[in-house]
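FYI, in the working numbering the residues of the sequence shown are 514 to 1018.
Take a look at the structure set out below.
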Amino acid sequence: MIIDDRHYDVIIIGSGAGGGTLAGALSRQGHTVLVLERGGPMALADQNVADVDLFRKDRYHPRERWFGPDGDPFPPQTMYALGGNTKIWGAVLERMREKDFEELPLQEGISPAWPFDYAELAPYYDRAEQLYRVHGRSGIDPSEPPRSAEFAHLPRPLPPFLEPLREALQRQGCKPYDLPLSWSDDRDDPTGDAQLYGLAWGDSQHLSVRHDARVLRLHVNPSGREVKGVEAEVAGEQWLFSADIVVLAAGAINTAAILLRSNNERHPQGLSNGSDQVGRNLMNLQLTSILQLATERNDGRYARSLGINDYYWGDKNVSFPLGHIQAAGGVLQDALFAESPPVLSLVSKLIPDFGLERLASRSIAWWAMSEVLPDPHNKVWLHHDQIRINYLHNNREAHDRLVYRWLDTLKAAEADPITKVVTAAPTHPRGEAPMSVVGYSCGTCRMGENPATAVVNRDGRCHELDNLYIADTSVFPSCPSVGPGLTAIAIALRLSDHLEARLHG
Ligand SMILES: Cc1cc2nc3c(=O)[nH]c(=O)nc-3n(C[C@H](O)[C@H](O)[C@H](O)COP(=O)(O)OP(=O)(O)OC[C@H]3O[C@@H](n4cnc5c(N)ncnc54)[C@H](O)[C@@H]3O)c2cc1C
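Dropping the structure here:
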């Protein structure tokens, strides 16, 4: 084993939304930071795939296989790269709503409260939106939480055919709003991500990044209270790195896997797992894509655009939350969509050049997104060092209601004689996201003040260790129907303030 002779203030494992942002912030505060990232820099051509290639190749899957509830292997759609999953995300950066932080009755049970409220995270949401140059407009979506100021950047114009669709939905009584999106100024790499707004924003004097460095396990001192070494495989060799503070930000699945793999005499069930909560309560947003027939051709290459939260908290005669609706990006550029309707990707894999271009040019895709409840049986665990996932969606009826409600709204818009951009179709093809769509997962090391039921405290520090923190979506106690990205970034910025006080204290 090679022992790195440098000692850092902080080692961060993973460079996605949480880790990349935290690395940038801490290095700018003057702390020496080492980022260990298992992936490498992503080629520009791979970042911005906007053609049928998105469907044909097994893009955005690492070579490894995880094992699903039935024991069968599957290729997860997850990006091991500088920037992590933010390199392929839709860049929609939404705030959780105030009530999302509270105990919230869903149709199937109570979604638990967070250990802090919206007001505490709000200043970090402000900073997160500024840092990631989020373009949005407030005051339209009635579910929107309070904010201290208008977005610094107005939304970019939508593709022209979507404006009449917005009006058509308004005529149906909906309040479509421009999704808040992170943009860069780079024409070749237009969306913002954690490589740009996290790592590259950092202070290079203080920030060291080792890519292709896969962390295997953490080593503790004899009392088991402190992480003393981080073991990683770098270019086929085992290395040991050390720091005063270690932060796991390897994403909801891999952070849990690293903790479980790091079991030792003091932590026989895995590091910081005396509560047996590490890996449990995995939540994977319920995602259903729905296709609508467009009358005008579009090029299938545009960003996500409209959001609808009219059913977020319920509907007529429905007093529990249903979820969020989002206009997907163009069919040829939405990595999630390419993964999702299995029937489409199957056909396109079997028949090269199956009419995807045509399909894309004639369709508008939507996402229906609904919260799930934490369930201790939904878990990440290891078997012979392989990642296994037990998972059963819950809160399904609420999701189905959302899907059917949205289909009714689309049909009503299509039947409206003023609406010309979409047309009635015999059916609206739709598909639930398959098991391989794990990009929105969260909850496997949840946050809470009680060490018997939570892995980290309200600051993100592991209950059983003094210098180990977690800064990714694994700490989410619940899974909001809007995406988790902005909340992961805000939590990382909040942690940087906490660590600044601790390192200087
Ligand atoms: C196709 C797609 C579209 C999405 N669109 C949106 C969206 O529009 N809005 C939204 O809010 N969310 C979206 N998401 C979800 C969002 O990307 C994630 O919620 C977010 O990136 C999670 O941040 P994280 O820091 O928890 O993990 P990640 O961003 O996944 O980062 C984890 C990092 O850890 C690294 N890593 C893993 N294991 C190790 C190891 N052993 N050693 C070293 N490094 C390791 C990984 O390579 C990665 O860089 C999308 C996800 C996908 C896949």
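Note that CB positions come from ideal geometry on N, CA and C, so glycine has one too.
- Judged by their CB atoms, L849 and S883 are not nearer to each other than the 9 angstroms cut-off.
- Here N811 is near P672, since their CB atoms are less than 9 angstroms apart.
- Distance from the C-beta of Y593 to the nearest heavy atom of ligand 1 is below 8 angstroms.
- By the Cβ-count criterion, Q683 is exposed, with fewer than 16 other Cβ atoms from all chains shown falling within 10 Å of its own Cβ.
- Residue burial is scored here from C-beta neighbours: N907 has at least 16 other C-beta atoms within 10 angstroms and is therefore classed as buried.
- Looking at the backbone, the Cα of A762 and that of Q805 are separated by about 38 angstroms.
- Contact between S1009 and A538 holds, with the beta-carbon distance rounding to 4 angstroms and staying under 8 angstroms.
- Comparing alpha carbon positions, the residue from L1006, I524 and R738 closest to A756 is I524.
- Of A681, L644, P655 and L692, the smallest CA-CA separation from T936 is found for A681.
- Using a C-beta cut-off of 8 angstroms, the stretch 622-630 makes no contact with the stretch 576-588, since fewer than three inter-stretch Cβ pairs fall below that distance.
- When secondary structure is reduced to three states using DSSP, V791 falls in the coil class, being assigned neither helix nor strand.
- Under the three-state reduction of DSSP output, Q560 falls in the helix class.
- Between A769 and S987, the CB-CB gap stays under 9 angstroms.
- Cβ-Cβ separation between H976 and A984: approximately 16 angstroms, too far for a contact (criterion under 8 angstroms).
- If you look at N903, you'll find it in the beta strand (DSSP E) that goes Q899 to N903.
- The beta strand (DSSP E) runs of length 3 or more contained entirely in the stretch 874-932 are, from start to end of the chain, 876-883, 892-896 and 899-903.
- Per DSSP, the unbroken beta strand (DSSP E) holding A756 starts and ends at E750 to L761.
- Look at E633 here: in three-state DSSP terms it is helix.
- Here the stretch 693-710 does not lie against the stretch 949-964, with fewer than 3 beta-carbon pairs under 8 angstroms apart.
- Y638 carries a helical assignment under DSSP once its states are collapsed to helix, strand and coil.
- Within the same chain, Cβ atoms closer than 8 angstroms to the Cβ of L923 are found at I803, Q805, W879, V935 and H941, the five residues on either side in sequence being excluded.
- Secondary structure of G652 (DSSP, three-state): coil.
- Contact holds between the stretch 721-730 and the stretch 540-560, because three or more Cβ pairs, one in each stretch, are under 8 angstroms apart.
- A direct Cα-to-Cα measurement between A851 and Y573 gives close to 11 angstroms.
- Taking the C-beta atoms as reference points, R738 is found no nearer than 9 angstroms to L920.
- Contact between L1006 and R730 fails: their C-beta atoms lie close to 28 angstroms from each other, not under 8 angstroms.
- The C-alpha of A707 is placed about 26 angstroms away from the C-alpha of V885.
- Secondary structure note for T801: its beta strand (DSSP E) is the uninterrupted segment Q799 to L806.
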